[in-house]
Amino acid sequence: MGKPRPGSRKGMTKLYKSAKRTARKKAAQQRSIRPRSSKVVHETVRSTWDSRLTPGNNLKKIGLQASVNHMAKTRGGRKVSIPIQAIPKDAEAVIEDLEKEASRKERRNLVVHPGERRALEAMIKRHGDNWTAMCRDIKLNYLQWTATQLQRKVERMRAIDATNGMQ
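Note that the UniProt record's numbering gives residue 160 to position 160 of the sequence shown, counting from 1, and the numbers run on in steps of one.
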């Protein structure tokens with residue numbers, strides 16, 4: 001085939017005035033879009049956050065690492081020791097607050113969804129503790145839970161009822 005002749009428009013699409021205008025508008029619009037500053041949700045981090053700094057610099061100021069990927073690289077198949085960096089003095093309080101929050105146990109959700117409760121109670125009423133029969137009941141087990149899933153859900157529902165003082 002070879003090269004097209006100079007000046008020929010072979011293989012190129014022709015842009016008309018309206019298409020050029022919309023392309024120009026879109027390009028100008030994309031240039032004008034500034035990145036939105038994301039809100040810092042965590043209270044202890046928000047207190048020390050400086051919106052004029054980059055997120056990486058803010059985390060470094062607090063004493064946290066933005067990305068540890070570059071630190072954990074291996075050279076030639078052998079592991080490299082990671083140097084421990086000193087924690088800034090003003091960041092120690094923030095780190096203590098973060099550690100306290102991380103050490104707190106998370107409260108478990110002690111609620112069974114009402115629709116799930118109705119379905120489980122109907123299956124227990126009809127089949128008792130026969131998990132395979134519950135599993136095969138097409139009309140009541142419309143969510144197609146397996147026998148093991150049904151057993152876990154019923155045990156969880158009974159445990160929650162026992163802690164809440166129901167039944």
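Ideal Cβ positions, reconstructed from N, Cα and C, are used throughout, including at glycine.
Less than 8 Å separating the beta-carbons of residue i and residue j?
i: threonine 163; j: leucine 110; result: yes
i: residue 169; j: tryptophan 131; result: Since the first residue shown for the chain is 1 and the last is 167, residue 169 is missing from the structure and cannot be characterised.
i: tryptophan 145; j: lysine 153; result: yes
i: histidine 127; j: alanine 133; result: yes
i: methionine 157; j: arginine 104; result: no
Please report the distance separating the alpha-carbon of residue i from that of residue j.
i: arginine 24; j: tyrosine 16; result: 12 Å
i: asparagine 57; j: arginine 108; result: 35 Å
i: asparagine 141; j: proline 114; result: 15 Å
i: threonine 22; j: glutamine 30; result: 12 Å
i: methionine 160; j: glutamine 65; result: Checking the displayed sequence, the identity of residue 160 turns out to be isoleucine instead of methionine. For isoleucine 160 and glutamine 65, the distance between alpha carbons rounds to 40 Å.
i: alanine 122; j: arginine 136; result: 14 Å
i: glutamate 106; j: glutamate 99; result: 14 Å
i: serine 18; j: serine 32; result: 21 Å
i: proline 6; j: lysine 26; result: 30 Å
i: lysine 39; j: aspartate 97; result: 19 Å
i: glutamate 155; j: valine 112; result: 11 Å
i: histidine 42; j: lysine 20; result: 46 Å
i: asparagine 69; j: aspartate 90; result: 26 Å
Please return the same chain residues whose Cβ sits closer than 8 Å to the Cβ of residue i, not counting the five positions on each side in sequence.
i: valine 94; result: Thr44, Val45, Ser47, Thr48, Ile62 and Gly63
i: glutamate 101; result: Thr44
i: leucine 59; result: Gln65 and Ala66
i: glutamate 92; result: Gly63
In its own chain, which residues sit with a C-beta less than 7 Å from the C-beta of residue i, not counting the 5 before and 5 after it?
i: lysine 3; result: none
i: proline 55; result: Ala66
i: isoleucine 124; result: Val154
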